[in-house]
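Numbering (my numbering), first residue to last: 460 to 623.
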């Protein structure tokens, strides 16, 4: 999984102190409802040898800046068929993740993140051995979400065909 050029979250942005200050004036309930998310893949059909390129677009639908707080450092995430980052790995509480995160947007701002996923699913067995397996042939769902309760979600579907 590779991020596009930018910070650890995939955004190429400079911190804007004025946006953050003004954005904090908008109540969280309003700011959270103001954000929308969309996802699209570069194709609708793949084979197990293909990388899946997808683009996520976040948008502040208000004409004023907003700052949305998240319970931990994760601002957003993605899943394939409901499996976070295409893995069945158990997620343990990480004390470093307890630090709240924040997502700052200027009025009407759109943020776009591009990702490449290798198209395989991580499987961890009881002995903590990891293996990567091809998706079963058929239709699959790629979903993205904003990482707070009630956060916007978006999905797209793609077909995985058998190797030719």
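Glycine residues also receive a C-beta, built at the ideal position from the N, C-alpha and C atoms.
Would you grab the beta carbon distance between residue i and residue j for me? Rounded to a whole angstrom, and I think it's under 8 Å.
i           : j           : result
residue 603 : residue 498 : 5 Å
residue 500 : residue 571 : In fact, because the Cβ distance is near 14 Å, the residues do not count as touching under 8 Å.
Taking C-alpha atoms, which residue in the options lies nearest to residue i?
i           : options               : result
residue 622 : 489, 501, 505 and 613 : 505
residue 539 : 524, 578 and 487      : 578
residue 584 : 547, 509, 513 and 534 : 547
residue 562 : 509, 511, 610 and 591 : 610
residue 496 : 514, 503 and 484      : 514
residue 520 : 567, 586 and 503      : 567
residue 616 : 518, 590 and 541      : 541
Tell me the rounded alpha-carbon separation between residue i and residue j.
i           : j           : result
residue 581 : residue 588 : 10 Å
residue 545 : residue 490 : 29 Å
residue 594 : residue 486 : 42 Å
residue 507 : residue 493 : 37 Å
residue 569 : residue 612 : 16 Å
residue 608 : residue 586 : 33 Å
residue 503 : residue 522 : 34 Å
residue 484 : residue 543 : 33 Å
CB-CB under 6 Å to residue i, same chain, minus the five flanking residues each way: which ones, in chain order?
i           : result
residue 614 : 600 and 602
residue 560 : 529, 532 and 534
residue 558 : 532
residue 518 : 495 and 569
residue 590 : 582
Within a Cβ cutoff of 7 Å, which residues of the same chain sit near residue i, ignoring the five residues on either side of it in sequence?
i           : result
residue 606 : 529, 533, 534, 535 and 536
residue 592 : 579, 580 and 582
residue 509 : 578
Excluding the 5 residues flanking residue i on each side, which residues of the same chain have their C-beta closer than 8 Å to its C-beta?
i           : result
residue 597 : 618 and 619
Tell me residue i's beta-bridge partners as DSSP assigns them.
i           : result
residue 494 : 519
residue 561 : 528
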